[in-house]
Amino acid sequence: MAIHMYNTLTRSKEEFRPLEEGRVKMYVCGPTVYNYIHIGNARPVVVFDMVRRYLQYKGYEVEYVSNFTDVDDKIIKAAKENGEDAFKLAERFIEKFHEDTKALGVKEADEHPRVTESMPEIIEFIQALVDKGYGYEADGDVYFHTKAFPSYGQLSGQSIDDLRSGARIDVGEQKRDPLDFALWKKAKDGEVNWEAPWSSGRPGWHIECSAMVKKYLGDTIDIHAGGQDLAFPHHENEVAQSEALNEKKMANYWLHNGYIQIDNEKMSKSLGNFVLVNDLIKAYDPSVIRFFILQAHYRHPLNFNNELLESAKSGLVRIHTFAENVQHRIKETADLGESDVMENRIEQFKKRFIDDMDDDFHTANAITNVFEFVREGNRYLQEPNTSKRVLELMVTTLKEWGTVLGVSFVPEAELLDDEIETLIEQRIQARSERNFQESDRIRDDLKERGILLEDTAQGTRWKRV
RNA sequence: GGCGGCAUAGCCAAGUGGUAAGGCAGGGGUCUGCAAAACCCUUACGCCCCGGUUCAAAUCCGGGUGCCGCCUCCA
1 MAIHMYNTLT
11 RSKEEFRPLE
21 EGRVKMYVCG
31 PTVYNYIHIG
41 NARPVVVFDM
51 VRRYLQYKGY
61 EVEYVSNFTD
71 VDDKIIKAAK
81 ENGEDAFKLA
91 ERFIEKFHED
101 TKALGVKEAD
111 EHPRVTESMP
121 EIIEFIQALV
131 DKGYGYEADG
141 DVYFHTKAFP
151 SYGQLSGQSI
161 DDLRSGARID
171 VGEQKRDPLD
181 FALWKKAKDG
191 EVNWEAPWSS
201 GRPGWHIECS
211 AMVKKYLGDT
221 IDIHAGGQDL
231 AFPHHENEVA
241 QSEALNEKKM
251 ANYWLHNGYI
261 QIDNEKMSKS
271 LGNFVLVNDL
281 IKAYDPSVIR
291 FFILQAHYRH
301 PLNFNNELLE
311 SAKSGLVRIH
321 TFAENVQHRI
331 KETADLGESD
341 VMENRIEQFK
351 KRFIDDMDDD
361 FHTANAITNV
371 FEFVREGNRY
381 LQEPNTSKRV
391 LELMVTTLKE
401 WGTVLGVSFV
411 PEAELLDDEI
421 ETLIEQRIQA
431 RSERNFQESD
441 RIRDDLKERG
451 ILLEDTAQGT
461 RWKRV
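In structure tokens form, the structure reads like this:
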């Protein structure tokens with residue numbers, strides 16, 4: 001089966017067909033870097049990283065670009081409040097973004113372009129729009145003239161008239177039409193600025209993505225993604241700018257993720273109810289956070305709180321425990337190379353995982369599949385005779401799924417120090433002599449030191465807690 | 001007002017015409033020297049409400065109710 005994805009542009013699930021066989025050009029709108037990212041900012045970063053990983057798993061070569069908005073009103077405001085240089089502040093939070101997202105298992109983009117480093121392309125883009133009659137200058141500002149672009153509203157599915165009734169013009173703006181939006185903003189006193197034909201100023205918000213997409217990926221790309229709230233006006237405006245200039249479709253597939261909510265309310269920096277990833281990873285293994293995000297379908301709203309995170313943690317531990325128990329069993333299993341019915345079952349699970357992911361990246365169902373695999377695997381572990389080959393296939397399967405989802409399902413093997421190993425040996429000896437008082441003493445002692453012992457039919461196994 | 005989304009067990013979350021996945025939490029049991037892990041059973045005569053279509057609806061249609069988001073450079 002081929003990958004199907006929900007396309008905001010057509011409001012339906014479509015089979016994915018790349019522009020070029022075997023290659024995918026993908027652009028994800030990145031953050032405005034004026035603070036640490038919160039869990040809501042993390043969702044698109046995580047889910048589109050998952051999309052990228054899955055495309056790669058399916059054999060596509062993915063060109064993945066995600067920008068940083070490093071010049072913006074909010075950055076300027078935050079810098080002013082801190083008494084900090086705006087560029088330094090942006091730079092600082094770009095570093096924090098990389099730290100936090102790396103912890104969440106997010107791979108770096110192939111390109112992370114920044115507004116401040118793309119100024120020539122942006123100015124050139126605006127000039128070209130003005131030349132073609134899509135942009136006009138007014139007192140140093142430049143606006144995009146939406147009336148000149150008849151299909152405006154197609155992405156968000158709104159009629160121009162309806163949009164116009166809700167739009168407004170702020171004081172000081174000199175738009176010809178309420179729907180027009182800024183391509184270039186003349187600097188106010190003391191603000192950072194760049195020289196341009198119309199004034200010293202800075203770009204409007206939407207133009208950067210149009211310019212960067214063109215620069216790094218070309219006139220038409222396969223996938224353009226971002227948070228649901230970006231569909232309008234941000235992406236709508238990007239489409240208008242890019243298609244007005246290039247006279248080509250900007251992106252074939254538009255993907256938008258749903259919100260994370262706190263107590264069923266939107267989380268945002270402006271509401272002040274946000275949870276920072278940087279704080280969260282101090283209390284939780286970051287893979288728990290990623291696992292939590294992927295347990296829901298990416299387009300659905302997802303409520304967040306600590307109990308839900310605890311619940312996700314318990315589920316992930318269940319998978320980890322299974323992986324560890326399989327590995328213990330591998331060590332205790334003589335080399336029985338024969339396959340058995342379980343091998344066929346594993347192949348079925350692998351197929352189902354792919355079917356789930358092909359269905360609009362349905363990680364919720366894919367993870368359900370992992371849990372069912374774990375239950376059948378645990379049942380298999382209770383059998384007196386197991387095939388080493390099958391056990392090893394279980395581990396590689398878990399690793400494969402973990403790579404696709406970006407969540408490690410198989411914990412790294414750890415080493416014991418000699419003293420602990422000796423104690424475990426002593427306990428095994430004591431148990432064989434039915435000296436349970438001594439064996440329980442050693443078990444309690446090790447528990448204090450964070451080593452949990454479990455006696456099985458195949459011998460004693462241990463794990464750290 | 002315009003556009004869109006959501007409503008399924010104590011909590012989370014799948015399922016979009018064929019008789020309610022999965023996880024967490026809870027209860028009971030099996031295994032164990034005792035544990036742990038695991039497995040088994042159990043927890044929605046019902047999927048917001050009211051009508052309708054159908055042999056069959058959580059799923060389709062009509063009408064309500066509630067919540068959320070976008071239309072304000074918030075992912």
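Counted from 1, the first sequence has number 30 at position 30 by the UniProt record's numbering; the numbering is strictly sequential.
Note that beta-carbon positions come from the ideal geometry of N, C-alpha and C, so glycine has one too.
Note that the structure is a prediction, hence the values are computed from the model and not measured.
Top-ranked residue by Cα proximity to residue i, from the options
| i | options | result |
| --- | --- | --- |
| Asp49 | His38, Gly30, Tyr34, Tyr36 | Gly30 |
| Tyr259 | Asp229, Ala251, Thr363 | Asp229 |
| Thr101 | Ala138, Pro44, Tyr134, Gly135 | Pro44 |
| Arg464 | Phe353, Glu454, Ala2, Gly450 | Gly450 |
| Asp131 | Lys80, Lys175, Pro197 | Pro197 |
| Asp189 | Asp340, Ser199, His256 | Ser199 |
| Lys331 | Ala148, Ser387, Lys74, Ile160 | Ser387 |
| Met212 | Glu400, Lys25, Val395, Asp418 | Lys25 |
| Ile293 | Val326, Asn35, Leu308, Ala283 | Leu308 |
| Glu15 | Trp254, Lys447, Val326, Ala413 | Trp254 |
| Ile442 | Asn252, Ile428, Arg23 | Ile428 |
| Gln154 | Asp141, Phe232, Ala187, Gln174 | Phe232 |
| Val106 | Tyr64, Ala323, Asp141 | Tyr64 |
| Ala2 | Tyr143, Asp360, Asp110, Leu302 | Asp360 |
| Val28 | Gly22, Glu21, Val62 | Val62 |
| Val142 | Ser151, Ser156, Ile122, Tyr152 | Ile122 |
Assigned exposure category for residue i - 16 Cβ within 10 Å defines buried
| i | result |
| --- | --- |
| Asn7 | buried |
| Leu70 | Sequence check: residue 70 is Asp here, not Leu. The residue in question, Asp70, is buried, as its Cβ has 16 or more Cβ neighbours within 10 Å. |
| Arg11 | exposed |
| Ser118 | buried |
| Ala334 | exposed |
| Val341 | exposed |
| Pro113 | buried |
| Thr456 | exposed |
| Ser66 | buried |
| Arg375 | exposed |
| Thr32 | buried |
| Thr396 | exposed |
| Gly135 | buried |
| Asn344 | exposed |
| Asp139 | exposed |
Where residue i sits in the DSSP three-state scheme
| i | result |
| --- | --- |
| Trp205 | coil |
| Thr146 | helix |
| Thr386 | coil |
| Met394 | helix |
| Ile451 | strand |
| Ser314 | helix |
| Asn82 | helix |
| Val465 | coil |
| Trp354 | The sequence shown places Ile at residue 354, rather than the Trp named in the question. Three-state result, Ile354: helix. |
| Ile3 | coil |
| Lys249 | coil |
| Tyr27 | strand |
| Lys399 | helix |
| Phe16 | coil |
| Leu280 | helix |
| Gln295 | coil |
| Val65 | strand |
| Ala211 | helix |
| His362 | coil |
| Lys188 | coil |
| Thr101 | helix |
| Ala334 | coil |
Within 8 angstroms, strictly: CB atoms of residue i and residue j
| i | j | result |
| --- | --- | --- |
| Ala42 | Leu104 | yes |
| Gln241 | Arg329 | no |
| Glu238 | Met250 | yes |
| Gly226 | His256 | yes |
| Ile221 | Leu183 | no |
| residue 466 | Arg352 | The chain is shown from 1 up to 465; residue 466 falls before or after that span and cannot be answered. |
| Ile75 | Val275 | no |
| Leu452 | Thr460 | no |
| Asn278 | Tyr36 | yes |
| Ser439 | Ser287 | no |
Do the segment 51–64 and the segment 83–96 make contact, defined as three or more Cβ pairs closer than 8 angstroms? no
Check whether the segment 187–207 and the segment 122–133 touch, using three or more Cβ-Cβ pairs below 8 angstroms as the test. By the C-beta criterion, the segment 187–207 is judged to be in contact with the segment 122–133, since at least 3 inter-stretch pairs fall below 8 angstroms.
Are there three or more Cβ pairs, one per stretch, closer than 8 angstroms when the segment 289–306 is compared with the segment 416–424? no
Using a Cβ distance threshold of 8 angstroms, determine whether the segment 361–369 contacts the segment 381–393, with at least three qualifying pairs required. no
The segment 307–319 contacting the segment 64–83, beta-carbon criterion three pairs below 8 angstroms: no
Would you call the segment 150–166 and the segment 176–191 in contact, with 3 or more CB pairs under 8 angstroms? yes
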